[in-house]
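The opening position of the sequence shown corresponds to residue 66 in our numbering, with each subsequent residue numbered one higher.
Here's the structure we're looking at; comments come further down.
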Amino acid sequence: MKQSFVFSGSGGQGIMSAGITLAQTAIDMGKHATYLPEYGPEQRGGSAKCTVVISDDTIVSPLPKMCDHLIVMNEQAYAKFIDDLKPEGLLLANEARIKDEIERDDVFCIKANVDDIAQQLGNEKAANVVLIGILIGATDVVSREVFAKSLEEKFKDKKPGILEMNLAALEKGIAIGKAHKDERKA
């Protein structure tokens with residue numbers, strides 16, 4: 066099975082980190098994965114996007130015509146990339162920064178205030194991990210255990226508490242994703 070993901074938002078929101086960690090986790094699970102980052106001409110705060118493709122088989126192109134899953138961290142990313150999501154695709158939206166109603170009725174949308182969840186855990190920079198947790202909980206695209214090991218590797222040399230906070234962010238997101246999983250199947 067092949068799945069494509071577009072992560073988008075602003076520089077500094079952990080878009081690239083989320084994408085590369087998801088791709089690395091898929092590889093660690095024995096799958097094929099590509100990661101293609103795209104940056105806007107601005108520096109920190111400018112637009113950021115990356116595309117991840119995960120497959121059981123060889124991946125011919127790292128750029129799908131339309132994506133299966135769209136993860137948006139802000140209003141600008143939503144407006145710019147919503148038309149790139151396939152019908153019946155999954156939209157994960159940061160409700161804290163996307164105030165408009167989702168106009169497409171042919172996609173499944175999970176909105177969560179990941180900024181607030183991350184802030185309650187101690188650092189709003191963990192919002193991207195909450196979103197990946199939602200993705201994992203809703204789709205089972207990668208294993209929770211293998212993704213947690215990827216986080217452990219990534220944060221092993223950071224100051225104390227960072228890993229634990231990110232693991233808590235992952236668990237919060239997975240719980241949200243699982244709560245919506247049955248809705249999507251219906």
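The beta-carbon is built from N, C-alpha and C at its ideal position, and this holds for glycine as well.
Segment limits, beta strand (DSSP E) that includes residue i
i, result
"V137", "C132 to V137"
"G74", "K67 to S75"
For residue i, the residue or residues it bridges with in DSSP
i, result
"Y104", "A113"
"F212", "F212 pairs with nothing; no bridge assigned."
"F36", "Here the chain covers residues 66 to 251 and nothing more, so residue 36 does not appear."
"I175", "L157"
"T99", "V118"
Pair within 7 angstroms by beta-carbon distance, residue i and residue j
i, j, result
"S215", "Q89", "yes"
"L157", "V172", "no"
"I136", "Q68", "no"
"F146", "S82", "no"
"A191", "A203", "no"
"M138", "D149", "no"
"L87", "P127", "no"
"H245", "I167", "no"
"V179", "M94", "no"
"A144", "E160", "no"
"I201", "I239", "yes"
"F70", "V125", "no"
"I163", "E140", "yes"
Delimiting residues of the alpha helix (DSSP H) encompassing residue i
i, result
"N159", "Per DSSP, N159 belongs to no alpha helix (DSSP H); it is in the beta strand (DSSP E), L150 to N159."
"V194", "A192 to T204"
"D93", "I80 to D93"
Cβ neighbour criterion (16 or more within 10 Å) applied to residue i
i, result
"F206", "Sequence check: residue 206 is Val here, not Phe. So V206 ends up on the buried side."
"K114", "buried"
"D122", "exposed"
"D170", "exposed"
"G77", "exposed"
"G79", "buried"
"G226", "exposed"
"D133", "buried"
"K96", "buried"
"G111", "exposed"
* Do the stretch 227-237 and the stretch 193-204 make contact, defined as three or more Cβ pairs closer than 8 angstroms? -> yes
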